[in-house]
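Student: Numbered according to this note's numbering, the sequence shown spans residues 269 to 366.
Heads up, the beta-carbon is just placed ideally off N, CA and C, and yes, glycines get one too.
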Amino acid sequence: MRIKTTENRDRLWENLCEATDEHARSKALYRAARYYLRMCGGVAAYGRGNIQTLLDEAEAQGSLTAPEIAATLDERELPVTYKTALWKQIVGRVELAL
């Protein structure tokens, strides 16, 4: 498959390679396409999609926590995790307490 290169596409592909940590455009496009299909769904191979699953869970439960959202959106193409952090006030500045 050949895709005509334009300045905008070239910049987009460079950004996609950086975001996916892939060096080859074909691998970056493949990874992005798989992630898109997993999120959107609507095709036989990917079922309902993670976005619809997330919306269904939110409607059924009334709300979702950040860890629940992260678990639903987590995919191997774009891992999503959530870590809690504690904040405390120290001598006029905010410091992250791990």
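1) Can R299 and N318 be called in contact, C-beta distance under 8 Å?
2) Starting from L346, follow the alpha helix (DSSP H) in both directions and report where the run begins and ends.
3) In whole angstroms, give me the CA-to-CA distance for R279 and T273.
4) Do E345 and Y303 have their C-beta atoms closer together than 8 Å?
5) Is it right to say A247 is buried, meaning 16 or more other beta carbons lie within 10 angstroms of its own, or is it exposed?
Tutor: Checking against the coordinates, here is how it stands:
1) Contact check for R299 against N318 fails: the beta carbons are separated by 8 Å or more.
2) Segment: none, L346 is in no alpha helix (DSSP H) and carries neither H nor E.
3) 10 Å
4) E345 is a Cβ neighbour of Y303, given a cutoff of 8 Å.
5) This structure cannot speak to residue 247, because the chain is shown only from 269 to 366.
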